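Read the structure below first, then the notes.
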């Protein structure tokens, strides 16, 4: 019998191929994982930007609604003021028409012994200072000094022009003056009316010509 030599097979090249294939699979998996993460981040960023855009739009709508509400309140305030003024004028006309001769004479004497102070809040108040017209001299206006407060200034003017009756008429542009400024001036005039005997206070709204 012939002696047979053992068959030896070298698997080293095959193992190298397997390792290369495994490496390529791992690299490909890593690339896909990175791509998946990037896509997820992009999607999250897009969703975040969409949410921010929606919130910004909602905020703009809220601001617009607040502005419309403020304008509506201002219109209601002006309409109520015009209604009150009209009612007062009608009441005054009715009351004067009902006076007899002696009462009308007494009313005229009352007016003759009174001094009218027209306090005007000009355009661009409070940047522009308050103006004051005393009596019938409409061509001359006093301007409120920077170093005096309104109540102090008016009190000084009233004391310098003594009269039995002091009629303070507050004139202002209803579409321009801020509510806080209007309210502050009104409270000042009410205090003067209460503290100085014979002082009366009323309002007159001004409107732009344009």
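Residue numbers (our numbering): 290 to 499. Note that CB positions come from ideal geometry on N, CA and C, so glycine has one too. The structure displayed is predicted, hence computed values, not measured ones.
Beta-carbon proximity list for residue i, same chain, < 8 Å, skipping 5 on both sides
i: residue 321; result: none
i: residue 455; result: 403, 404, 406, 447, 485, 487, 488, 489
i: residue 470; result: 410, 414, 415
i: residue 534; result: As displayed, the chain neither begins before 290 nor continues past 499, which places residue 534 out of reach and without an answer.
i: residue 439; result: 419, 433, 474, 477
Whole-Å CB distance - residue i paired with residue j, under 8 Å assumed
i: residue 446; j: residue 406; result: 7 Å
i: residue 408; j: residue 466; result: At roughly 12 Å, the Cβ-Cβ gap does not stay under 8 Å, so residue 408 and residue 466 are not in contact.
i: residue 462; j: residue 495; result: 5 Å
Opening and closing residue of the beta strand (DSSP E) in which residue i lies
i: residue 471; result: First-last for residue 471: 468-484, but that is the alpha helix (DSSP H), not the beta strand (DSSP E).
i: residue 420; result: 420-423
i: residue 455; result: 454-462
i: residue 430; result: First-last for residue 430: undefined, no H or E at that position.
i: residue 493; result: 488-495
i: residue 410; result: 403-410
Residue span of the alpha helix (DSSP H) that contains residue i, given as start and end
i: residue 448; result: 439-449
Cβ-based neighbour list, residue i, same chain, cut-off 7 Å, excluding 5 preceding and 5 following
i: residue 503; result: This structure cannot settle anything about residue 503, because the visible part of the chain is limited to 290 through 499.
i: residue 319; result: none
i: residue 349; result: none
i: residue 313; result: none
i: residue 418; result: 432, 433
i: residue 482; result: 488, 489, 490
i: residue 351; result: none
Option nearest residue i by Cα separation, candidates the options
i: residue 285; options: 354, 412, 440, 332; result: What the structure shows of the chain is the stretch from 290 to 499, and residue 285 is not part of that stretch, so it cannot be assessed.
i: residue 460; options: 452, 451, 453, 474; result: 474
i: residue 422; options: 307, 437, 450, 306; result: 450
i: residue 468; options: 441, 439, 483, 359; result: 359
i: residue 452; options: 493, 442, 424; result: 424
Own chain residues within Cβ distance below 6 Å of residue i, not counting five before or after
i: residue 379; result: With a pLDDT of only 49 at residue 379, under the threshold of 50, the placement of this residue in the model should not be trusted; the figure read from the coordinates follows. Nothing listed; no residue qualifies.
i: residue 500; result: The structure shown does not extend to residue 500, since the chain is modelled only from 290 to 499, so the question has no answer here.
Any non-hydrogen atom of the ligand SAM closer than 6 Å to residue i Cβ
i: residue 433; result: Within the structure as shown, the ligand SAM is missing, as the structure has no ligands at all.
Examine the Cβ distances between the stretch 475-482 and the stretch 413-433 and report whether three or more of them are shorter than 8 Å.
-> no
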